[in-house]
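Residue numbers (my numbering), protein chains in the order written: chain A, 152 to 444; chain B, 1201 to 1476.
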């Protein structure tokens, strides 16, 4: 598959702070990649390198086979501005026209605003928008120039559930049409719902780079849930919780546990075995370096 | 992964992704159209919050009414040169204070790094800023011109008026560069204070508010060395054929070159600090 953006052994320092530490990764055409990491892990630095805002201290960053610092390469990307910085006195339509003017192939202001539910607000000044409307405008601007690759930094922060679902649909349809997405979010649910591939970064390094399922599985635990009056002694239970007559167990080896449960002869029903959530995997992955320190 | 609920408007969905080949002929993003887009955006901002325009236009117009009309209004030459001086006063305010503040404020907003992710180099931005400042400057000198035409004996031929505007634009260049220097170098609150601190003494020393001949001796001694004096003499030359002193014009050129170097240094330093 075509590689749209690539980091090769990219390191970025800010003075004494090491923001990215020898990171290598490819973003391939048609991928929907979730970028996860605690604050200060290097997510923004990585996006800034791909968007041409920063140069790597060492190593290489490529965009469409060239340098992200070359404006012509940046015609193929879309970036979300921080909605707090949108020029207050401009109208929604004017700001969209202005951003669109930079791209040879434009969606067009009326169509773009309609797509993001902002059609009625074209003549409204940005200063008069609600937080959610600003957020939607910021995300819409990333798509103004029909990008091949978009960087969506926290696209749904501050949106209500309905607006978030609508935006997810928009991101999915862009992806289905062949667009490539790099998405950061505080909501792991969002990454789980949208992304196919997950990059977990921590302390400037890529800690995991795999499918959502594989990253979930990395922590090696499962959730076992069942209904019973009481439970016998069971092997490999890391944590247990009881709500009414339903038990929730975090276990290391669900197969062994189920065998032991059946052998014990204790009556039970409603057995469910689920993989760990992405959130559990994320916490386990990013906690590791701290534990060693 | 939960299967997504089908979007209700799936059939009416518009396409955000790049159009599949054969693509429609792309609209070109020519440099002039980009410069125009940036100029328009900056002008809209200035006009919607017209404090800078009003500030640049108000004080010189009031000065015209309060001082020039009663004391020099009947003398065609004095009224004409005073009109030129006060127009330059307004233009200089737009260039130095206006540009300094807007550059300093913009640097503090996250919108600024976002603009750098758009596919354009620094030129459209920079040209747009200069053009928008020139436009604001030309708007802000109109009230002085109107007062002069209606209430004084100031007289000028169309050719000399045009020449005067040319001199105004040439004379304001070092102050634009000074504004850029202040804006790139200082935080917005400091830029506001410093640009005003630079502005008033230079305006007075250069003879914009009172003709140089009536200034105290020690002020006359330094007057030729401030850029306002050279700019004013250039304008008086254009509109009233008052022969300028070589020293003032040379100093204007020296200031322009020095300010260009300072602005370029401040710009590069700021870029290096924030985007390298």
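All C-beta atoms, glycine included, are put in the ideal place defined by N, C-alpha and C.
Put residue i into one of helix, strand or coil per three-state DSSP.
| i | result |
| --- | --- |
| residue 253 of chain A | coil |
| residue 223 of chain A | coil |
| residue 231 of chain A | coil |
| residue 260 of chain A | helix |
| residue 142 of chain A | An answer regarding residue 142 of chain A cannot be provided, because it is not within the stretch 152 to 444 covered by chain A. |
| residue 405 of chain A | helix |
| residue 1356 of chain B | coil |
| residue 1426 of chain B | coil |
| residue 426 of chain A | strand |
| residue 175 of chain A | strand |
| residue 1225 of chain B | Caution applies to residue 1225 of chain B, whose pLDDT of 49 falls short of 50 and renders its modelled position unreliable; the model cannot decide the point. |
| residue 311 of chain A | coil |
| residue 412 of chain A | helix |
| residue 1374 of chain B | helix |
| residue 1242 of chain B | helix |
| residue 240 of chain A | coil |
| residue 1249 of chain B | coil |
| residue 1216 of chain B | coil |
| residue 187 of chain A | strand |
| residue 296 of chain A | coil |
| residue 268 of chain A | coil |
| residue 1293 of chain B | helix |
| residue 181 of chain A | coil |
| residue 355 of chain A | coil |
| residue 368 of chain A | helix |
| residue 217 of chain A | strand |
| residue 1441 of chain B | coil |
Taking all protein chains shown into account, do 16 or more other C-beta atoms lie within 10 angstroms of the C-beta of residue i, making it buried, or fewer, making it exposed?
| i | result |
| --- | --- |
| residue 1402 of chain B | buried |
| residue 418 of chain A | exposed |
| residue 1314 of chain B | buried |
| residue 384 of chain A | exposed |
| residue 441 of chain A | Low local confidence applies: a pLDDT of 44 at residue 441 of chain A is under 50, so the model's placement there is unreliable, with the coordinate-based value given in what follows. That one is exposed. |
| residue 194 of chain A | buried |
| residue 292 of chain A | buried |
| residue 305 of chain A | buried |
| residue 337 of chain A | exposed |
| residue 1271 of chain B | exposed |
| residue 1223 of chain B | Caution is warranted here: a pLDDT of 47 is assigned to residue 1223 of chain B, below 50, making its placement in the model unreliable, and no coordinate value can be reported. |
| residue 343 of chain A | buried |
| residue 285 of chain A | buried |
| residue 1400 of chain B | exposed |
| residue 199 of chain A | buried |
| residue 1221 of chain B | Confidence in residue 1221 of chain B is poor, its pLDDT being 49 and thus under 50, which makes the residue's placement unreliable; the coordinate value appears in the next sentence. Label assigned to residue 1221 of chain B: exposed. |
| residue 1274 of chain B | exposed |
| residue 1337 of chain B | buried |
| residue 307 of chain A | buried |
| residue 1413 of chain B | exposed |
| residue 166 of chain A | exposed |
Cβ of residue i within 7 Å of any heavy atom in the ligand NAD?
| i | result |
| --- | --- |
| residue 216 of chain A | Only the bare structure without any ligand can be found here, which leaves the ligand NAD out of the picture. |
According to DSSP, residue i sits in a beta bridge with which residue or residues?
| i | result |
| --- | --- |
| residue 343 of chain A | In the DSSP output, where bridge partners are listed per residue, residue 343 of chain A has none listed. |
| residue 159 of chain A | A:211 |
| residue 1412 of chain B | The partner list for residue 1412 of chain B (beta bridge, DSSP) is empty, contrary to what the question assumes. |
| residue 394 of chain A | A:397 |
| residue 165 of chain A | A:168 |
| residue 302 of chain A | A:230, A:333 |
| residue 360 of chain A | A:350 |
| residue 445 of chain A | The question about residue 445 of chain A has no answer here: the residues shown for chain A are numbered 152 through 444. |
| residue 1476 of chain B | DSSP output for residue 1476 of chain B lists no bridge partner at all. |
| residue 1420 of chain B | BP columns for residue 1420 of chain B are empty, so no partner. |
| residue 378 of chain A | A:397, A:420 |
| residue 321 of chain A | DSSP output for residue 321 of chain A lists no bridge partner at all. |
| residue 154 of chain A | A:179 |
| residue 465 of chain A | It is not possible to answer for residue 465 of chain A, since the shown part of chain A is limited to 152 through 444. |
*Give, in chain order, every residue of the segment 1311 to 1332 of chain B whose Cβ lies closer than 8 Å to some Cβ of chain A.*
When C-beta distances to chain A are compared with 8 Å, the residues of the segment 1311 to 1332 of chain B below that value are 1311, 1312, 1313, 1314, 1316, 1317, 1318, 1319, 1320, 1321, in chain order.
_Segment contact flag, the segment 1284 to 1293 of chain B with the segment 1334 to 1350 of chain B, C-beta cutoff 8 Å, min 3 pairs_ = Flag = yes, the segment 1284 to 1293 of chain B and the segment 1334 to 1350 of chain B touch.
*Note down, in chain order, all residues in the segment 278 to 289 of chain A with a beta-carbon under 7 Å from any beta-carbon belonging to chain B.*
Close to chain B, meaning a Cβ-Cβ distance shorter than 7 Å, is no residue of the segment 278 to 289 of chain A at all.
*asked:* Tell me whether the segment 1314 to 1324 of chain B and the segment 230 to 238 of chain A touch, counting them as touching only if at least three CB pairs, one residue from each stretch, are closer than 8 Å.
replied: By the Cβ test, the segment 1314 to 1324 of chain B is in contact with the segment 230 to 238 of chain A, since at least three Cβ pairs between them sit closer than 8 Å.
*asked:* For the structure I just gave you, are there three or more beta carbon pairs, one from the segment 1370 to 1388 of chain B and one from the segment 1426 to 1436 of chain B, closer than 8 Å?
replied: These segments touch.
*Taking only beta carbons into account, state which residues of the segment 1350 to 1365 of chain B come closer than 7 Å to chain A, listed in chain order.*
Per Cβ criterion, the list is empty.
*Specify whether the segment 380 to 394 of chain A and the segment 358 to 368 of chain A touch according to this definition: at least 3 beta carbon pairs, one from each stretch, less than 8 Å apart.*
The segment 380 to 394 of chain A, when compared against the segment 358 to 368 of chain A, does not touch it at the 8 Å Cβ threshold.
*Spell out a yes or no on whether the segment 205 to 219 of chain A and the segment 260 to 276 of chain A are touching, meaning 3 or more CB-CB pairs, one atom from each, closer than 8 Å.*
With the cut-off at 8 Å, the segment 205 to 219 of chain A and the segment 260 to 276 of chain A do not touch.
*May I ask you to list, following chain order, the residues of the segment 1235 to 1256 of chain B that have a beta carbon less than 7 Å from some beta carbon of chain A?*
Under the 7 Å Cβ criterion, the segment 1235 to 1256 of chain B contributes 1237, 1241, 1244, 1245, 1248, 1249.
*Between the segment 180 to 211 of chain A and chain B, which residues of the former have a C-beta closer than 7 Å to a C-beta of the latter?*
Here the close residues are 202, 203, 204, 205, 206.
*Could you run through the segment 303 to 320 of chain A and flag, in chain order, every residue whose CB is less than 9 Å away from some CB of chain B?*
Residues 316, 317, 319, 320.
_Taking 8 Å as the cut-off, does the segment 269 to 289 of chain A touch the segment 152 to 163 of chain A (at least 3 CB pairs, one atom from each stretch)?_
Counting Cβ pairs under 8 Å, fewer than three are found: no touch.
*asked:* Assess contact between the segment 1317 to 1328 of chain B and the segment 1352 to 1363 of chain B, defined as three or more Cβ pairs (one per stretch) separated by less than 8 Å. Is contact present?
replied: Two segments are said to touch when three or more pairs of C-beta atoms, one from each, lie closer than 8 Å; by this definition the segment 1317 to 1328 of chain B does not touch the segment 1352 to 1363 of chain B.
*Residues of the segment 238 to 258 of chain A with a CB closer than 7 Å to any CB of chain B: list them in chain order, please.*
Within the segment 238 to 258 of chain A, contact with chain B at the beta-carbon level (separation under 7 Å) is assigned to 238, 240, 241, 245, 249, 250, 252, 253, 254, 255, 256, 257, 258.
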